[in-house]
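Single-structure report; data block below.
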Amino acid sequence: PVALALFTSDLRLHDNPVLRAAVRAGDRVVPLFVVDSGVAAAGFAAPNRSAFLAGCLADLDEGLRARGGRLVVRRGDVVEETCRVAAAADAVEVHVAGGVSGYAHRREERLRAALEADGRRLRVHDAVVTVVAPGEVAPAGKDHFAVFTPYFRRWSAEPPRAVADPPRRVDVPEVDGLPVPSAADLGADGAAPGLPRGGEREGRRRLTAWLRNGVDRYAELHDDLAADATSRLSAYLHFGCLSPLEVVTRARGNDSPGAEAFVRQLAWRDFHHQVLAARPRAAAADYRTRHDRWRRDAGEFDAWRAGYTGYPVVDAAMRQLAHEGWTHNRARMIVASFLAKTLHHDWREGARHFLRHLVDGDLANNQLNWQWMAGTGTDTRPNRVLNPVVQGRRFDPGGDYVRRWVPELAGVPGPAVHEPWKLPAAVRSGLRYPEPLVDLAEALARFRAARGLD
Ligand code: FAD
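Whatever position you read off the sequence shown (first residue = 1), add 1 for UniProt numbering.
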């Protein structure tokens, strides 16, 4: 029989339950990727991720060719195209990873109905995009955890599953497909200059290098903005070039506090995924409303977006985001707090901007981290406001991070770079760096009043 493996957020051969099950079910397998018009219509096919995706698909095709197969690529509505290919190849079963977004849920329902109407079967595999499947661990009587610590306890106690080898051979039947799309075909024009190359091979190379040379110091350095000492594996995880189970399993083999702290971050990833899977509406609606009446000010938003707020660590982060399609977790927290709390703009606006630029842009991680920072999500301290000057001094104590990304301030030595307004007037006037967009004390008072905290 023929089986079809529909790739979605699992663009890999190693430890891929979808591909493995298809190879077991059929003597021939159609490895299918559909350039989904629905994803583009939802505005999710941003240039940076399209560029990365092109690398992933080329690499997946190469990996399949090395095993006697190839990637079958189609373009259009994912459900219609999958059904067409299944019919053309007479595939009995279609295998796909369970997703967590509302879009993925609907895709699954539509696929199931359309395939069954045609006498075929959909097999959904959970725990492909996460280590622990959403809903697998839950508090008594509830469908998901809303607090991380008890989630993490349960998540850590799950019996470890074995990491699967890639298939040795993939025999693909005759079916029509398109050439593997280039970055330009996928709409990557205007992508950021400093993007990493997508693909499983590159992801595995980076993972190995990270576990050998980086993870040991993760516990002490992960919050240090200038050290840039995190794994940078997020885009590989988002596209599924790496199996999160394999990443965790290999990291656990490294017995250091750094590896432990790193595994905890991967549990955060699972945590947000299980929240979104249970509450797909949290992608757009407040998980917990604080009855915010968000402010709107196009000038302020533009200054934030472009990195001209006059708060150096905020501007450094926003400019890094524009240049690399990535910025550090601490930097993301600082700029999110600045937009949602200091300026009190709607977190959805910030989240949308992030999704337009982040190469790792991920609905679960992005929307729920934004909600966390806005205090509308699962944060247990929803009214905490990060002061960008304090954060800058603490997490970029030497000021190197700011100088790297804000050239106007490159000549200001030491931590003084975090408060350019305190520099002597003569120095200050030569900098061509903006005055602070808002007064922090006034902004804090405004936020506290808006939330009824005083
Ligand atoms: P590392 O520090 O090396 O962490 C290892 C992995 O753990 C990451 O690759 C990621 O998969 C996971 N991880 C780490 N921190 C978090 C976290 N807070 N939540 C969930 N998973 C985490 N991450 C995304 O992958 N996509 C997003 O769209 C995204 N948007 C964010 C928006 C905001 C406002 C904030 C505060 C955080 C966001 N994050 C997002 C989480 C985090 O910032 C990134 O995963 C991390 O910076 C990626 O860099 P890294 O791979 O070097 O991380």
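Ideal Cβ placement from N, Cα and C applies to all residues, glycine included.
Self-check item: Per-residue DSSP class, three states only, for F146
Solution: Along the sequence shown, one-based indexing puts residue 146 at 145. Of the three classes helix, strand and coil, the one that applies to F146 here is coil, per DSSP.
Quiz item: So G77 is in the beta strand (DSSP E); what residue range does that whole segment cover?
Solution: In the sequence shown, the residue the question calls residue 77 occupies position 76. V73 to G77 is the span of the beta strand (DSSP E), which, as asked, contains G77.
Quiz item: Do the segment 271-280 and the segment 299-310 touch if we need at least three Cβ pairs shorter than 8 Å?
Solution: No contact exists between the segment 271-280 and the segment 299-310.
Self-check item: Buried or exposed (CB count within 10 angstroms, at least 16 for buried), L72
Solution: Residue numbering aside, residue 72 sits at position 71 when the sequence shown is read from its first letter. With 16 or more Cβ atoms within 10 Å of its Cβ, L72 is classed as buried.
Self-check item: Beta-carbon proximity list for R162, same chain, < 8 Å, skipping 5 on both sides
Solution: The residue given as residue 162 occupies position 161 in the sequence shown. Take R162, set aside five residues on each side of it, and the residues of its chain with a beta-carbon closer than 8 Å to its own are A128 and L246, in chain order.
Practice problem: Let me know if W156 comes out buried or exposed under the rule of 16 or more other beta-carbons within 10 Å of its beta-carbon. | Solution: Counting from 1 along the sequence shown, the entry for residue 156 is found at position 155. Buried, because 16 or more other Cβ atoms sit within 10 Å of the Cβ of W156.
Quiz item: Do G200 and L441 have their CB atoms nearer than 9 Å?
Solution: On the sequence shown, position 199 is the one that residue 200 refers to. On the sequence shown, position 440 is the one that residue 441 refers to. No, the pair does not count as a contact, with Cβ atoms beyond the cut-off.
Quiz prompt | Distance, F396 Cα to D225 Cα | solution = Taking the sequence shown and counting its residues from 1, one reaches residue 225 at position 224. Taking the sequence shown and counting its residues from 1, one reaches residue 396 at position 395. So the alpha carbons of these two residues sit roughly 5 Å apart.
Exercise. Measure the C-alpha to C-alpha separation of A192 and D455 and round it to an integer number of angstroms.
Key: For the purposes of this step, residue 192 is taken as residue 191 along the sequence shown, with counting starting at 1. For the purposes of this step, residue 455 is taken as residue 454 along the sequence shown, with counting starting at 1. If you take the alpha carbons of A192 and D455, they lie about 45 Å apart.
Quiz prompt | Any non-hydrogen atom of ligand 1 closer than 8 Å to R270 Cβ | solution = Within the sequence shown, numbered from 1, the residue matching residue 270 stands at position 269. Checking the Cβ of R270 against ligand 1 gives yes.
Exercise. May I have the straight-line CA-CA distance separating L123 from V35, to the nearest angstrom?
Key: Counted from its first residue, the sequence shown places residue 123 at position 122. Counted from its first residue, the sequence shown places residue 35 at position 34. When rounded, the distance between both Cα atoms is 16 Å.
Self-check item: Contact check, A236 vs N17, beta carbons under 9 Å
Solution: Position 235 of the sequence shown, counting from 1, holds the residue named residue 236. Position 16 of the sequence shown, counting from 1, holds the residue named residue 17. No; because the gap between Cβ atoms is not below 9 Å, this pair is not in contact.
Quiz prompt | D293 - DSSP class collapsed to helix/strand/coil | solution = As a first step, residue 293 must be located in the sequence shown, where it is residue number 292. Note: D293 maps to coil in three-state DSSP.
Quiz item: Do A365 and H274 have their C-beta atoms closer together than 9 Å?
Solution: The count along the sequence shown starts at 1 and reaches residue 365 at position 364. The count along the sequence shown starts at 1 and reaches residue 274 at position 273. Cβ distance < 9 Å, so A365 and H274 count as in contact.
Self-check item: For V249, three-class secondary structure by DSSP
Solution: As a working mapping, residue 249 is identified with position 248 in the sequence shown. Of the three classes helix, strand and coil, the one that applies to V249 here is helix, per DSSP.
Quiz item: When DSSP labels each residue in this structure, what does H96 get in the three-state scheme?
Solution: Reading the sequence shown from its first residue, position 95 is the one you call residue 96. Reduced to three states, the DSSP call for H96 is strand.
Quiz item: Per DSSP, what kind of secondary structure is F240 in: helix, strand or coil?
Solution: Position 239 of the sequence shown, counting from 1, holds the residue named residue 240. It is coil, neither helix nor strand.
Quiz item: Given that a residue counts as buried once 16 or more other Cβ atoms are within 10 Å of its Cβ, and exposed if not, what is W422?
Solution: If you number the sequence shown from 1, residue 422 lands on position 421. Exposed.
Quiz item: Of the choices R21, R25, H419 and A375, whose alpha-carbon is the least far from that of R394?
Solution: On the sequence shown, position 393 is the one that residue 394 refers to. Distances from the alpha-carbon of R394 to those of R21, R25, H419 and A375 put H419 closest.
Quiz item: Do you know offhand how far R357's Cα is from V101's?
Solution: Within the sequence shown, residue 357 is the residue found at index 356, counting from 1. Within the sequence shown, residue 101 is the residue found at index 100, counting from 1. Roughly 20 Å between the two C-alpha positions.
Exercise. Go ahead and label N214 buried or exposed: buried means 16 or more other beta carbons lie within 10 angstroms of its beta carbon, across all protein chains shown.
Key: Within the sequence shown, residue 214 is the residue found at index 213, counting from 1. So N214 counts as exposed.
Quiz item: Is L112 near ligand 1, in the sense that its beta carbon is under 8 Å from a heavy atom of that ligand?
Solution: Taking the first residue of the sequence shown as 1, we reach residue 112 at position 111. No; taking the cut-off as 8 Å, the Cβ of L112 has no heavy atom of ligand 1 nearer than that.
Quiz item: Pick from G204, S183, R207 and T381: whose alpha carbon is nearest that of T150?
Solution: The count along the sequence shown starts at 1 and reaches residue 150 at position 149. Among G204, S183, R207 and T381, the Cα nearest to that of T150 is on T381.
Quiz prompt | V148 versus R320, D271 and P416, residue with shortest Cα-Cα distance | solution = Locating residue 148 in the sequence shown gives position 147, counting from the first residue. Among R320, D271 and P416, the Cα nearest to that of V148 belongs to D271.
Quiz item: D37 by DSSP, collapsed to three states: which one?
Solution: For the purposes of this step, residue 37 is taken as residue 36 along the sequence shown, with counting starting at 1. The answer is strand: DSSP assigns D37 an E or B state.
Quiz item: Buried or exposed: S338, going by 16 or more other Cβ atoms within 10 Å of its Cβ?
Solution: As a first step, residue 338 is located in the sequence shown; it is residue number 337 there, counting from the start. It is buried - the Cβ of S338 has at least 16 other Cβ atoms within 10 Å.
Quiz prompt | First through last residue of the alpha helix (DSSP H) which encompasses V336 | solution = Numbered from its first residue, the sequence shown carries residue 336 at position 335. Start and end: N330 to S338.
Exercise. Alpha carbon to alpha carbon, how far is A286 from residue 463? Give it in angstroms, no decimals.
Key: Given that the chain is displayed from residue 2 to residue 455, the structure contains no residue 463 and the question cannot be resolved.
Quiz item: Mind checking whether V360 and R50 have CB atoms under 9 Å apart?
Solution: By 1-based counting over the sequence shown, the position of residue 360 is 359. By 1-based counting over the sequence shown, the position of residue 50 is 49. For V360 and R50, yes; Cβs fall inside 9 Å.
Quiz prompt | Meets three-Cβ-pair contact criterion under 8 Å: the segment 104-119 and the segment 54-63 | solution = Fewer than three beta-carbon pairs drawn from the segment 104-119 and the segment 54-63 are found closer than 8 Å, and the two stretches are therefore not classed as touching.
Quiz item: Nearest to A451 by alpha carbon, out of R385, G351, S183 and R291?
Solution: Numbered from 1 along the sequence shown, position 450 holds the residue referred to as residue 451. Among R385, G351, S183 and R291, the Cα nearest to that of A451 is on R291.
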